[in-house]
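**Q** For reference, the structure I am asking about is given below.
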Amino acid sequence: MNEVSESNKQRRTFLGILLGGVGVVLTGVFAWPIFRFLAPRDTGGAGAQVRVKKNLIKVGGAHFFDFQGRPAVLLQPRAGSFVALSAVCTHLGCIVKWVNDKGEFLCPCHGGRFSAEGLVLGGPPPKALTTYSVKIEDTDLVVG
Amino acid sequence: MNIPKLAVDWLDNRLGIKDLIYQNMGGYKLPRNVNIWYTMGSVVLALLGLQFLTGIMLLVYYVPDTEKAFTSVTAIMNEVPYGWLFRYLHVVGSNLIIIFMLLHMMSVLFMGSYKRPRELTWISGFTLLNLGMVFCLTGYLLPWSQLSFWATTVATDAAGAVPFIGEHIVAFLRGGPSVGAPTLGRFFALHVMVLPLGLMGLVGFHLFCVRRAGISQPPFGDSYKPRLFGEGFEHEHHPDGVPFHPNYTIKDVSMVFFALAALVAISFYAPWLFIPPEALVPADPFNTPEHIKPEWYFLWAYQTLKIFPSKLLGLAAQGVAMTFIALLPFIDFGSERRPFKRPLFLTCFFLGTLLFVGLSIWGHYS
């Protein structure tokens, strides 16, 4: 009698493991399409360059644009010299504003200040704004 | 330390869940000769659950705007990973739900299970079938294709046959004189919010009725005897029956898997059955495509409207037929449920089914 019970027990364990295995496989089969469906789509943005018309950036002024899905800014501190920076504040991710009178960036969220080169001038930001390379090609600026 | 057992014991001490599970599973007895037709409701419920899931997935990318709806659906089909799978499952699933709802209804009719004390179960079930069709109608417009646009135009136009206020009803349904952005807005709201809430409430009520009244004895075999009712409430017990779990749940799960297999097979190999070529062209309000037809489950109604000399008569005939079916438990109230002892009913049942199929085929080829 005990032997039968033991055999039954083993069968139950075996069936349990088998059923669990099938369950795991099925979960994977269903979960993968759901994950892929919801995962952010690769828009080919990473590494892609962005062209901006040179005449959009005035000397001493700033021009905001979209760079690989994130806000960025182009400056022309001196005639013919261009700087491209990320416009995302390094503190909590707000978008910085260009203060023309002072020639610096101000984050409206917590008062972080950045220089025209992206360096931290004051406030809570822990590090400088990310800089991007800029090339001049005829009438365009190529960022990235 | 066995954590799952501890968790179950903790809940059991507070809510008595073990007793509740026993009462509704192993201790809940069903008739011994319960057949696969009793599983149709579970199949519909499982498919409805899947519709909710795939519908939520589609909502992530769908844009309810006449300028963007078609593009967003095209993007779901061609660009979003596995988007085609979720859309096909949703489209094919909606059609399978109607098929299984019809099978459910026909088996209930054949076995006379709509009779006392199950009148409310029948009425709520019949309302659910109609709600299912409204669901399909509202969802049909959302891709904003030529098929969506013109099928909705034809379907909403039918209400115009109502005397005096017909035009106003049509305008109210469409949110304007013709199908346009306001129609898409209200159909979208109905499809993703109003109807799901209504459906959930009604499914809950339907299941409550099923559980309270008890499962009806299939009216076959020597053991069956027509049941007589007293004045008060009486749950139909089957003390000599088989336990709900595992005897019946196995049947349920098998049929659910059969339906899922059919759903996946059609979605993979024949989705065009439910997505004709007109569905691949964006809506053009100035260009009606030839031979525009409603979905297969509305073909009988479409053909009825065509064969009557006036639209009003056709609409009235549909209304009479639907009201007759809805109120059947109060018209056919005898206690006899054995199909072969009800020759008049059986004749009406087969003729009615033939009429439905015949009108649908006629409508398809007319």
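Chains A and B supply the protein sequences, listed in that same order. In my numbering, each residue's number is its place in the first sequence (first place is 1) plus 127. In my numbering, each residue's number is its place in the second sequence (first place is 1) plus 26. Just so it is clear, CB atoms sit at the ideal spot from N, CA and C, and this is done for glycine as well.
Mind listing, in chain order, the continuous alpha helix (DSSP H) runs of no fewer than 4 residues lying wholly within the region 89 to 156 of chain B?
**A** 95 to 104 and 109 to 136
**Q** Among B:Arg238, B:Lys277 and B:Val229, which has the Cα closest to the Cα of His261 of chain B?
**A** B:Arg238
**Q** So with Cβ pairs under 8 angstroms, would you call Leu88 of chain A a contact of chain B?
**A** As displayed, chain A neither begins before 128 nor continues past 271, which places residue 88 of chain A out of reach and without an answer.
**Q** Using a Cβ cut-off of 7 angstroms, pull out every chain E residue sitting near Arg163 of chain A, in sequence order please.
**A** Looking at the structure shown, chain E is missing, and the protein chains on hand are A and B.
**Q** Short check: CB of Ala296 of chain B to CB of Ser171 of chain B, under 8 angstroms?
**A** no
**Q** Quick one: does the C-beta of Phe284 of chain B sit closer than 7 angstroms to a heavy atom of the ligand ZN?
**A** Ligands are entirely absent from the displayed structure, and the ligand ZN is therefore not among its contents.
**Q** To the nearest angstrom, how far is it from the Cα of Met131 of chain B to the Cα of Phe356 of chain B?
**A** 16 angstroms
**Q** Any C-beta of chain A sitting closer than 8 angstroms to the C-beta of Met83 of chain B?
**A** yes
**Q** When you compare the CB of Arg139 of chain A with every CB in chain B, is at least one pair closer than 8 angstroms?
**A** no
**Q** Apply the 10 Å Cβ neighbour rule to Met128 of chain A and answer buried if 16 or more other Cβ atoms are within range, or exposed otherwise.
**A** Residue placement at Met128 of chain A cannot be trusted, given a pLDDT of 48 that sits under 50; what the coordinates show is reported in the next sentence. Exposed, because fewer than 16 other Cβ atoms sit within 10 Å of the Cβ of Met128 of chain A.
**Q** Are the C-beta of Met128 of chain A and some C-beta of chain B separated by less than 8 angstroms?
**A** With a pLDDT of only 48 at Met128 of chain A, under the threshold of 50, the placement of this residue in the model should not be trusted; the figure read from the coordinates follows. Met128 of chain A is outside the set of residues whose beta carbon lies under 8 angstroms from a beta carbon in chain B.
**Q** Can you find a CB in chain A that lies within less than 8 angstroms of the CB of Val86 of chain B?
**A** Output row for Val86 of chain B: interface = yes.
**Q** Straight-line CA distance for His190 of chain A to Leu201 of chain A?
**A** Cα-Cα distance, rounded: 5 angstroms.
**Q** List, in order along the chain, the chain B residues whose C-beta lies closer than 7 angstroms to that of Pro160 of chain A?
**A** Correct list: Tyr108 and Leu111.
**Q** Looking at the secondary structure, which residues open and close the beta strand (DSSP E) in which Asp193 of chain A lies?
**A** Ala189 to Phe194
**Q** List the DSSP bridge partners of Pro308 of chain B.
**A** B:Ser171
**Q** Considering Cα atoms alone, identify which of B:Ser361, B:Leu331 and B:Leu73 is closest to Pro252 of chain B.
**A** Among B:Ser361, B:Leu331 and B:Leu73, the Cα nearest to that of Pro252 of chain B belongs to B:Ser361.
**Q** Name the one or two DSSP bridge partners that Lys180 of chain A has.
**A** A:Asp267
**Q** Looking at the structure shown, is Leu126 of chain A part of a helix, part of a strand, or coil, going by DSSP?
**A** Residue 126 of chain A lies beyond the residue range present for chain A, which begins at 128 and ends at 271; the question has no answer from this structure.
**Q** I'd like to confirm the pairing. Which residues does DSSP put opposite Tyr259 of chain A in its beta bridges?
**A** Its beta-bridge partners are A:Ala211.
**Q** Around the Cβ of Tyr391 of chain B, are there at least 16 other Cβ atoms within 10 angstroms (buried) or fewer (exposed)?
**A** exposed
**Q** Select from B:Val279, B:Ala291, B:Asp278 and B:Gly247 the residue whose C-alpha is nearest the C-alpha of Lys367 of chain B.
**A** Among B:Val279, B:Ala291, B:Asp278 and B:Gly247, the Cα nearest to that of Lys367 of chain B is on B:Gly247.
**Q** Report buried or exposed for His263 of chain B, applying the criterion of at least 16 other Cβ atoms within 10 angstroms of its Cβ.
**A** Of the residues assessed, His263 of chain B falls on the exposed side of the cut-off, its CB having fewer than 16 other CB atoms within 10 angstroms.
**Q** Less than 8 angstroms between the C-beta atoms of Val70 of chain B and Phe126 of chain B, yes or no?
**A** Yes, these two residues count as a Cβ contact at 8 angstroms.
**Q** Cβ closer than 9 angstroms: which chain B residues qualify as neighbours of Arg168 of chain A?
**A** From the beta-carbon of Arg168 of chain A, the residues of chain B found nearer than 9 angstroms are Glu105, Val106 and Pro107.
**Q** Taking the beta carbon of Trp159 of chain A as the centre, do at least 16 other beta carbons fall within 10 Å, making it buried, or is it exposed?
**A** Counting the other Cβ atoms within 10 Å of the Cβ of Trp159 of chain A gives fewer than 16, which makes it exposed.
**Q** Beta-carbon within less than 6 angstroms of Thr275 of chain A's beta-carbon, same chain only, minus the 5 sequence neighbours each way: which residues are those?
**A** Look at the range of chain A in this structure, 128 to 271, and you will see that residue 275 of chain A is not part of it.
**Q** Closest to Gly196 of chain A by C-alpha separation, out of A:Ala214, A:Ser260, A:Gly187 and A:Ala206, would be which residue?
**A** A:Ala214
**Q** Taking Asn227 of chain A as the reference, give the member of A:Gly207, A:Ile161, A:Ile184 and A:Gly150 with the closest Cα.
**A** A:Ile184
**Q** Locate the alpha helix (DSSP H) running through Glu193 of chain B, then write down its first and last residues.
**A** Gly192 to Arg200
**Q** Let me make sure I understand the geometry here. Which of A:Val261, A:Lys224 and A:Asp265 has the alpha-carbon closest to that of Gln176 of chain A?
**A** A:Val261
**Q** Less than 8 angstroms between C-beta atoms, sequence neighbours within five positions excluded: which residues of the same chain meet that for Ala343 of chain B?
**A** Thr330 and Phe334
**Q** Going along the chain, which residues of its own chain have a beta-carbon closer than 6 angstroms to the beta-carbon of Thr178 of chain B, five neighbours each way excluded?
**A** Only residues of its own chain outside the window of five on either side were considered, and among them Leu167 and Val205 have a CB closer than 6 angstroms to the CB of Thr178 of chain B, listed in chain order.
**Q** In chain order, which alpha helix (DSSP H) runs of at least 4 residues are fully inside the region 212 to 298 of chain B?
**A** DSSP assignment within the region 212 to 298 of chain B yields the following whole alpha helix (DSSP H) runs of 4 residues or more, N-terminal first: 221 to 239 and 275 to 295.
**Q** Note down the Cα distance separating Trp63 of chain B from Gly138 of chain B, rounded to an integer number of angstroms.
**A** 13 angstroms
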